[in-house]
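> Position one of the sequence shown corresponds to residue 32 (this note's numbering), numbered consecutively onward. Glycine is no exception: its CB is placed at the ideal position from the N, C-alpha and C atoms.
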Amino acid sequence: MDRSPTQITLRRPDDWHLHLRDGAMLAAVLPHSAHFARAIVMPNLVPPVVTAAQAAAYRDRILAALPAGQSFTPLMTLYLTEETDPDDVVQAHTDGIATAVKLYPAGATTNSASGVRDFDKVRIVLERMADIGMPLCVHGEVTDPDIDIFDREAVFIDRVLKPIRKWVPDLRIVMEHVTTQDAVDYVRDTHKNLAATITTHHLIINRNHILAGGIRPHYYCLPVAKRETHRIALVQAAVSGDKRFFLGTDSAPHTDANKLLPCGCAGCFSAPNTLSCLAEVFEAAGKLKELEAFVSLNGPRFYGLEPNEDKITLTKGDAVSYPGHIDTDVGPVTVFDPGFALHWRVDA
Ligand code: DOR
Ligand code: ZN
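#1: May I have all residues whose beta carbon comes closer than 6 Å to any heavy atom of ligand 2, sorted in chain order?
#2: With DSSP collapsed to three states, give me the class of Asp46.
#3: Going by DSSP, which residues form a beta bridge with Phe276?
#4: Kindly indicate which residue of Ala268, Leu61, Glu113 has the alpha-carbon position closest to the one of Thr359.
#5: If Ser327 sits next to Asp45, beta carbons under 8 Å apart, how far is it from one beta carbon to the other, in whole angstroms?
#6: Going by beta carbon distance, what residues of the same chain come within less than 7 Å of Glu337, once the five residues before and after it are set aside?
#7: Indicate, with yes or no, if ligand 1 has a heavy atom lying under 7 Å from the CB of Thr140.
#8: Please determine whether the Cβ atom of Asn289 lies at a distance below 7 Å from any heavy atom of ligand 1.
#9: Inspect the beta-carbon positions of Met107 and Tyr89 and report whether they are closer than 8 Å.
#10: Of the residues Val81, Asp182, Lys347, which one's Cα is nearest the Cα of Tyr110?
#11: Name the DSSP bridge partner or partners of Cys168?
#12: Quick test of your reading: Ala185 and Thr211, contact by CB under 8 Å. State the CB separation rounded to the nearest angstrom.
#13: Over what stretch of residues does the beta strand (DSSP E) that includes Val255 continue unbroken?
#14: So for Ile241, helix, strand or coil by DSSP?
#15: For Gly355, which residues from the same chain have a beta carbon less than 7 Å from its beta carbon, with the 5 sequence-adjacent residues on both sides left out?
#16: Any heavy atom of ligand 1 closer than 7 Å to the beta-carbon of Gly298?
#17: Taking the alpha-carbon positions, what's the Gly142 to Ser35 distance?
#18: Assign Lys133 to one of two classes, buried (16 or more other C-beta atoms within 10 Å of its C-beta) or exposed (fewer than that).
#19: Can you tell me which of the three DSSP states Leu234 falls into?
#20: Per DSSP, which residues does Phe300 bridge with? Please list them.
#21: Within the same chain, show all residues whose beta-carbon is closer than 6 Å to that of Ala68, passing over the 5 residues directly before and after it, in chain order.
#22: Under the assumption that Ile236 contacts Ala256 (Cβ atoms under 8 Å), give the Cβ distance between them as a whole number of angstroms.
#23: Please report the distance separating the alpha-carbon of Lys320 from that of Leu345.
#24: Looking at the unbroken beta strand (DSSP E) that takes in Arg69, where does it start and where does it end?
#25: From Thr112 to Val312, what distance separates their C-alpha atoms?
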């Protein structure tokens, strides 16, 4: 007899890693994150969101773009540069403007040119953040051209993350969008001040999805999806209930025109169907009961926030379909295709 549930109710989830962009793109994508109560908003705009004043202005633009009746709290991040002013960071956190700081190694990903090359130069900022308990969100990939792109996350752990954790052991760090068994093991073996976000798409695709039988630019993102053994390690971490792993969708919209260039942009836009996709992944693993920990409980716990009081219900039924793309004033944006049917819908 099939005893699997057909309905689950969860505390309303949060997205601990989201790209909302700005202007016309912001207006078009923001409503698609409506099921989330809060999101850590990435600062890699052009120009980047570096200062408290820029973060406050960006937060105002997000709130102004929010459709009437939709509740959503953007939790802002500051883009760390070698020139970042430690006092401004502390002030942004104390004033409730910025929740975290984002570290991009220079050149690692979209709009990361102003990121960090010499980690010594940001040491004082990191020390001040540790003093006030402000988390650092890390894009964990080295940019050394001699390191194979599939090895860049594992090498980052040894070359950058371990030294930073040694210098500033009290700094609370989120290793963003982990893609490897190496990162999962490192987080599991570290019992203090370290957590990791996992994206929806990295729980579903491996590198074959991008490259086998034709190139599929809409699956290209950074860090790039790895081989199947790594994807399985990510699923095991996500469904384990381990409090150090939580959802950060890294939903990263780019227009189709920009995805399909000879040198196309990195990013999967998964905001519209993320919860349906995750319910399938957790159900397939026989771990639906752990979905709430992953999407609604573990993230706030790490960030020192209360989980949301309101609830959402997911119901299983006939296949649910999502549009293949959304229209924006700057062109269509393709929605992440999990490659399997989705049966769980979020009730209104
Ligand atoms: O795939 C990605 N897209 N990875 C990132 O780190 C950045 C993001 C973006 O901003 O497009
Ligand atoms: Zn991202």
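On the basis of the coordinates in this document:
#1: The set, ordered by position in the chain, is His48, His50, Met73, Asp281, Ala283.
#2: Three-state result, Asp46: strand.
#3: Looking at the DSSP output, Phe276 shares a beta bridge with Ala227.
#4: Thr359 has its Cα closest to that of Leu61, out of Ala268, Leu61, Glu113.
#5: Between Ser327 and Asp45 a beta carbon distance of about 7 Å is seen, short of the 8 Å cut, so the two are scored as contacting.
#6: Cβ within range, chain order: Pro331.
#7: Thr140 Cβ: within cutoff of ligand 1.
#8: No, the Cβ of Asn289 stays beyond 7 Å of every heavy atom of ligand 1.
#9: A contact, by the Cβ cut-off of 8 Å.
#10: Of Val81, Asp182, Lys347, the residue nearest in Cα terms is Val81.
#11: Cys168 is bridged to Lys133, Val205.
#12: With a contact defined as Cβ atoms closer than 8 Å, Ala185 and Thr211 qualify at about 6 Å.
#13: Looking at the DSSP string, Val255 is not in any beta strand (DSSP E), and its letter there is neither H nor E.
#14: Per DSSP, reduced to three states, the secondary structure at Ile241 is helical.
#15: Same-chain partners within the cutoff: Thr365, Val366.
#16: Yes, the beta carbon of Gly298 sits closer than 7 Å to at least one heavy atom of ligand 1.
#17: For the record, residue 142 in the displayed sequence is Asn; it is not Gly. The alpha-carbon atoms of Asn142 and Ser35 are separated by roughly 44 Å.
#18: Buried, since its Cβ has 16 or more Cβ neighbours within 10 Å.
#19: In the displayed model, Leu234 falls within a helix according to three-state DSSP.
#20: Paired residues: Val366.
#21: Excluding residues within five positions, the ones whose Cβ falls inside 6 Å are Arg43, Asp45, Asn339.
#22: The C-beta distance from Ile236 to Ala256 rounds to 5 Å, short enough to fall under 8 Å.
#23: Cα to Cα, the separation comes out at about 12 Å.
#24: Note, Arg69: beta strand (DSSP E), 69-72.
#25: Across the structure, Thr112 and Val312 are spaced so that their CA atoms are roughly 37 Å apart.
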